[in-house]
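Okay, structure first, notes after.
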Amino acid sequence: MNFRLIIKNLGIVLMVGAAIMLPSLVVSLICSEGDAMSFLITIGIMVPVGFCMFRIPVRNRNIYTRDGFAIASLAWILLSLFGALPFFLSGCIPSFVDAFFETVSGLSTTGSSILRDIESLPKGLLFWRSFTNWIGGMGVLVMMLAVLPAAGASTIQMMKAESPGPDPGKLVPKIGQSAKILYIMYTALTFVLFIMLLAGGMPPYDSLVHALSAAGTGGFSIKNLSVGEYNNVYYEIVIAVFMLIFGVNFSLHYQTLHGGFKNIFRDEEFRFYLFTIAGAVVLLTWNTCGNVYDNVWDSLRHSFFQTSSMITTTGFSSTDFNLWPVFSKSILVILMFIGGSAGSTAGGMKCVRFVLLFKTIKREVGRIIHPRSVYTVKYGGKTVDSSILSGITNYFFVYIIVFTVTLLIISLDGFDMVSNFTAAAAAIGNIGPGLGIVGPTGNYADYSALSKIALSFTMLFGRLEIYPMLILFAPTFWKRVNI
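If you read the sequence shown in my numbering, its first letter stands for residue 734, the second for the next number, and so on.
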């Protein structure tokens, strides 16, 4: 392990993190609600600490796989710890564990909250919550690669460790340029969403924070009842459509810009994504019409919004789906596990993994029926290597293990099974609201400090695709090599 190189890069991350806080500081100064000093103190701590770490001399500047994974996992933990300081120092969240939970939830784009009254927070802190969603959506390290001209080719290891999905890939040969393209598209789509909400009559501040949260598929709202507070069909449709857009692989957005819409519909993962959405909307509309809502249009309206919110793991709510029939709630839980596309800002297991898993099952069934035949799994017209299929199978297994361990830990608090199950699922899938006491009108405030810490790390496990966090617990991972 090249410790000097890791510390140096973590110093850069801290200084970038301090810069990320500046917009929130500006909002705090403009609104003058007493939270500006907490941002000033935090930035005043992060900059000198980060600079001292950055000044550490390094002989070998090559970032190997283990170094990239260590930088990614430690960077997210470090930013979460420092990002919690504004909440804690302002006194709005007196418990540092609660402040850490809230920050991890924001950066991991989970959207779970311990706040009982969201609207009581100063506007600067509310903006910080939503901005952490936006930064966490594309990734802190991807931003670092986009803004730092010194980022070399070896930094692909950091991008691989942070980017959601089996393989982030590169849009263009240079990784730094790829990161810039990703953030340009990301920012442009966020701006379009902001303008559309503004054009619909939503106040400028509300439009901005909801655009940031929707883009990062994080779901932090400034309203206690989330988007449902506005009771506006236009807002719901616009946000729902954009949540689905942000749940699509950004490489498909890039290909669409250069080759037309025909490319996007050729993608197997995208077709699975659309099919799942359509099926869920139809089933939810059918099950809620007459049981919850008086007409099919209201059922369709809320079914489409909640499907969009759940499959993209955003976590916004337009209604209290905790009151829906068990069948509908079961569909929402299934969507929690599926998630969005690889290479998007969405969480969950990712659609591509389910596509390849179903193809693997089909291959094994074929082998049983015709033992002498040769079966291969193809994706996008190309044969998928057996090591990739094995990796996906292992990922599912480890995902369930992390989910199970989290469920057991939080079950010590004695809450009902539905609340605990969906809380653990929401944490590892980076969704936010679950069912029961953690439903769309509830929160995580009543869980113990131990449970909140466990859920916080589970959110990071989910956001970083498990392995970058998991390898921190391997003793051999910390041996000094490549120095």
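For glycine and all other residues, C-beta sits at the position ideal for the given N, C-alpha and C.
Where the alpha helix (DSSP H) through residue i begins and ends
i            : result
residue 817  : Unbroken run through residue 817: none, as it is neither H nor E.
residue 831  : 829 to 840
residue 1103 : No alpha helix (DSSP H) contains residue 1103, which DSSP labels as neither H nor E.
residue 679  : Since the first residue shown for the chain is 734 and the last is 1216, residue 679 is missing from the structure and cannot be characterised.
residue 1001 : 1001 to 1021
residue 969  : 966 to 979
residue 769  : 769 to 787
residue 1040 : 1029 to 1044
residue 867  : 856 to 871
residue 1128 : 1119 to 1144
residue 790  : Residue 790 -> no alpha helix (DSSP H), and no H or E assigned at all.
residue 942  : 937 to 948
residue 753  : 736 to 753
residue 1207 : Unbroken run through residue 1207: none, as it is neither H nor E.
residue 1186 : 1182 to 1196
8 Å Cβ cutoff met for residue i and residue j
i            : j            : result
residue 944  : residue 1041 : no
residue 925  : residue 1074 : no
residue 1068 : residue 1054 : no
residue 1159 : residue 845  : yes
residue 1078 : residue 871  : yes
residue 1061 : residue 1028 : no
residue 935  : residue 968  : yes
residue 820  : residue 832  : yes
residue 1117 : residue 1090 : no
residue 734  : residue 784  : no
residue 1193 : residue 928  : no
residue 782  : residue 741  : no
residue 800  : residue 738  : yes
Alpha-carbon to alpha-carbon, residue j and residue i
i            : j            : result
residue 997  : residue 1076 : 14 Å
residue 1124 : residue 842  : 25 Å
residue 1018 : residue 1080 : 24 Å
residue 859  : residue 1114 : 46 Å
residue 699  : residue 835  : The structure shown does not extend to residue 699, since the chain spans only 734 to 1216, so no value can be given for it.
residue 1195 : residue 995  : 32 Å
residue 971  : residue 919  : 17 Å
residue 887  : residue 743  : Confidence at residue 887 is low in this model, with a pLDDT of 48, below 50, so the placement of that residue is unreliable and no value is reported for it.
residue 745  : residue 751  : 10 Å
residue 976  : residue 950  : 7 Å
residue 851  : residue 1112 : 45 Å
residue 1129 : residue 932  : 43 Å
residue 830  : residue 1146 : 16 Å
residue 1216 : residue 789  : Residue confidence is low: residue 1216 scores 47 on pLDDT, short of 50, so the model does not pin down where it sits. Its coordinate-derived value is still stated next. Approximately 13 Å between the Cα atoms of the pair.
Inter-residue CB distance, residue i and residue j (contact presumed, cutoff 8 Å)
i            : j            : result
residue 813  : residue 837  : 5 Å
residue 1072 : residue 1046 : 5 Å
residue 948  : residue 979  : 6 Å
residue 857  : residue 757  : 5 Å
residue 1135 : residue 1161 : 6 Å
residue 1201 : residue 806  : 4 Å
residue 839  : residue 866  : 6 Å
residue 985  : residue 1003 : 6 Å
residue 1049 : residue 952  : 5 Å
Any non-hydrogen atom of the ligand COA within 7 Å of residue i CB
i            : result
residue 1022 : What this structure holds is no ligand at all, so the ligand COA is not there to describe.
With three or more beta-carbon pairs closer than 8 Å as the criterion, would you say the region 1158 to 1177 touches the region 768 to 782? no
Across the region 1175 to 1190 and the region 1138 to 1157, are there enough close Cβ pairs to call them in contact, namely three or more that are closer than 8 Å? yes
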